[in-house]
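Structure first, then comments.
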Amino acid sequence: MCLVGVVLTVATGAGVFVSAAAAAETVTLVVEFSKDKQKRFDDIAWRDGLTVLQAMNAAAKSKSGLKFKHRGSGANAFLTEIWSYWVNDRLANRSFAVFKLDKSAVVKWKFVNR
-11 MCLVGVVLTV ATGAGVFVSA AAAAETVTLV VEFSKDKQKR FDDIAWRDGL
39 TVLQAMNAAA KSKSGLKFKH RGSGANAFLT EIWSYWVNDR LANRSFAVFK
89 LDKSAVVKWK FVNR
């Protein structure tokens, strides 16, 4: 079994990357492949109403990129692989495309490959 996790932490105020001067209003997306291997996206701009999907799309457009596949939109969007996510240590109860993040949110994705 291979576990992959993604952690999205929100520091503080649209899904694009920003300069270090604006880092106080950013989210961080961390993809954990294993205990010792991860990929970080540290400067995704935060705005009120930013969704997990919007943050992931911003990471996908970055130089190092994030690859993921999904279907549908809005409340019907879902990743097409075996992914689940938690927000603040609670299993999410709605689509990642509509789950709005607070400034202090921590989002963790897990992928199970059987």
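Counting in the numbering used here, the sequence shown tops out at residue 102, every number present.
For every residue, glycine included, the Cβ atom is placed at its ideal position computed from N, Cα and C.
Given the structure is predicted, the values throughout are model-derived calculations rather than measurements.
Counting only C-beta atoms, is Phe66 closer than 9 Å to chain D at any point?
Absent from the structure is chain D; it holds one protein chain and no more.
Is Val94 helix, strand or coil by DSSP?
What you label residue 94 is simply residue 106 of the sequence shown in a count that begins at 1. The answer is strand: DSSP assigns Val94 an E or B state.
Spatial neighbours of Phe66 within its chain, please: CB distance less than 7 Å, with the 5 preceding and 5 following residues excluded, ordered by chain position.
To locate residue 66, count along the sequence shown from 1; it is residue 78. Here the set comprises His58, Arg59, Gly60, Ser83.
Whole-angstrom distance between Leu17 and Gly53, CA atom to CA atom
What you label residue 53 is simply residue 65 of the sequence shown in a count that begins at 1. What you label residue 17 is simply residue 29 of the sequence shown in a count that begins at 1. Looking at the two C-alpha atoms, the distance is approximately 11 Å.
DSSP state of Ala47, grouped into three classes?
As a working note, residue 47 is residue 59 in the sequence shown. The three-state secondary structure of Ala47, taken from DSSP, is helix.
Under the three-state reduction of DSSP, which class applies to Ala33: helix, strand or coil?
Looking up residue 33 in the sequence shown gives position 45. For Ala33, the three-state secondary structure derived from DSSP is strand.
Do you know how far the Cα of Ala93 is from the Cα of Val75?
For the purposes of this step, residue 75 is taken as the residue at position 87 of the sequence shown. For the purposes of this step, residue 93 is taken as the residue at position 105 of the sequence shown. For Val75 and Ala93, the distance between alpha carbons rounds to 7 Å.
Nearest by alpha-carbon distance to Gly37: which of Asp24, Val15, Ala48 is it?
Taking the sequence shown and counting its residues from 1, the one referred to as residue 37 is at position 49. For the options Asp24, Val15, Ala48, the alpha carbon positioned closest to that of Gly37 is the one of Val15.
How about Lys96 and Tyr73: are their beta carbons less than 9 Å apart?
On the sequence shown, position 108 is the one that residue 96 refers to. On the sequence shown, position 85 is the one that residue 73 refers to. At the C-beta level, Lys96 and Tyr73 come within 9 Å of one another.
Please state the DSSP three-state secondary structure of Val86.
By one-based count along the sequence shown, residue 86 stands at place 98. Val86 falls in the coil class under three-state DSSP.
Residues of its chain near Phe29, where Cβ-Cβ distance is below 7 Å and the 5 sequence neighbours each way are ignored:
Within the sequence shown, numbered from 1, the residue matching residue 29 stands at position 41. So the qualifying residues of the chain are Thr16, Leu17, Ala47, Ser50, Leu54.
First and last residue of the uninterrupted beta strand (DSSP E) at Ser72:
On the sequence shown, position 84 is the one that residue 72 refers to. First-last of the beta strand (DSSP E) with Ser72: 71 to 75.
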